[in-house]
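In terms of the numbering used here, the sequence shown opens at residue 660 and continues consecutively.
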Amino acid sequence: MPTARRRAPRLGDTFTFGGRVPAVVGLLIAAMAVVTIASWLDRRLLQLLAFDPASVLYGQLWRLLTWVFVQDSPLTLFFAGFMLWWLGQQLVYVWGERRFLLRFLGITVGAGVLATLFALVYRPAAVGHVNAWPTVNGLLVAWALMFPDRPLSWFGVINMSAKMMAALVAFGTVLYAIAYGGPGRFAVHFAALAIGWALSRGLSFGGFFRKARRNLEEREARRRAKHLKVVRRNGQDEPPRWMN
660 MPTARRRAPR LGDTFTFGGR VPAVVGLLIA AMAVVTIASW LDRRLLQLLA FDPASVLYGQ
720 LWRLLTWVFV QDSPLTLFFA GFMLWWLGQQ LVYVWGERRF LLRFLGITVG AGVLATLFAL
780 VYRPAAVGHV NAWPTVNGLL VAWALMFPDR PLSWFGVINM SAKMMAALVA FGTVLYAIAY
840 GGPGRFAVHF AALAIGWALS RGLSFGGFFR KARRNLEERE ARRRAKHLKV VRRNGQDEPP
900 RWMN
């Protein structure tokens, strides 16, 4: 008796963990786990992938992205991965998988760029960083400000609104900065929170670049039109003819 052939699983299905999480979220968590464990086994990998403003300025641009995949402790790997698991489901539903991935990467790279620029004018900010908390907190702030009145319950004991959670994240970042070396050491954290806030207001990297491109095109069109003039015939007001 013939039997139906089983469909071979697609690669993307592997990262849904049995349909429990969107594939892009599962892929990011898996990448974090693999890269983190590899960096624990070989500390040179940690040194190569960590965010470091001075190294970025010397051309090691990959550090603007890779730092988010290296966690500095098992607890960070677990809790940052758990938050990404939970947040990712919420944000993929709103943004879709592609936009979620682009914004995850955008917060990471954008925070690195802003922290590097800040380090140019404030030397205490020229410090290295690894772990996903800045990016995760940026996503959390974006989600919380998009749904400010959504209720949250922590272990059935602590109840609060999403906007209160966003305020606590921002306040906690300030406290950590005061307690552990000043704002310079937390530049990448503050930058990620600022980008998360911008995303919650509907601003995006794609929109920024599209607007900048339109402005450049309009400026170029005005520049080219400067040498054009209206030619009239017999002093009569006629529809203008443009000519060089």
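Built from N, CA and C at the ideal position, the CB exists for glycine as well. This one's a predicted model, so the numbers in the text were calculated from it and none came from an experiment.
Inter-residue CB distance, Val729 and Thr794 (contact presumed, cutoff 8 Å): Between Val729 and Thr794 a beta carbon distance of about 12 Å is seen, past the 8 Å cut, so the two are scored as non-contacting.
At least three beta-carbon pairs within less than 8 Å, the stretch 783-803 to the stretch 739-758: In short, these stretches touch, since the Cβ pair count reaches three.
Ser812, buried or exposed, once every other Cβ within 10 Å from all chains shown has been counted against 16: Around the CB of Ser812, fewer than 16 other CB atoms lie within 10 Å, so the residue is classed as exposed.
Selected residue, minimal CA-CA separation from Val780, among Ala713, Leu686, Ala857 and Leu700: Considering only alpha carbons, the answer is Ala713.
Pairwise C-alpha distance: Thr767 and Ser732: Ser732 and Thr767 have their C-alpha atoms spaced approximately 19 Å apart.
Cutoff 8 Å; reference Phe759; Cβ partners in own chain excluding five residues on either side: Contacts found: Pro681, Val683, Val684, Gly747, Leu750 and Val751.
Beta-carbon spacing of Ala784, Gly855 below 8 Å: No, the pair does not count as a contact, with Cβ atoms beyond the cut-off.
Residues sharing a beta bridge with Phe738, DSSP: Per DSSP, none; premise fails for Phe738.
Ser812 - DSSP class collapsed to helix/strand/coil: Ser812: strand per DSSP, three-state reduction.
Residue span of the alpha helix (DSSP H) that contains Ser698, given as start and end: First-last of the alpha helix (DSSP H) with Ser698: Ala682 to Leu700.
Proximity below 8 Å, CB of Ala825 to CB of Ala803: In this structure, Ala825 lies near Ala803, with their beta-carbon atoms less than 8 Å apart.
Whole-number beta carbon distance between Gly771 and Val833, since they are thought to touch under 8 Å: That belief does not hold up - the Cβ atoms of Val833 and Gly771 are roughly 21 Å apart, past 8 Å.
Opposing strand residues paired with Phe710 [DSSP bridges]: Within the DSSP secondary-structure output, Phe710 pairs in a beta bridge with His788.
Ser698 versus Leu707 - alpha carbon distance: Straight-line Cα distance between these residues: approximately 9 Å.
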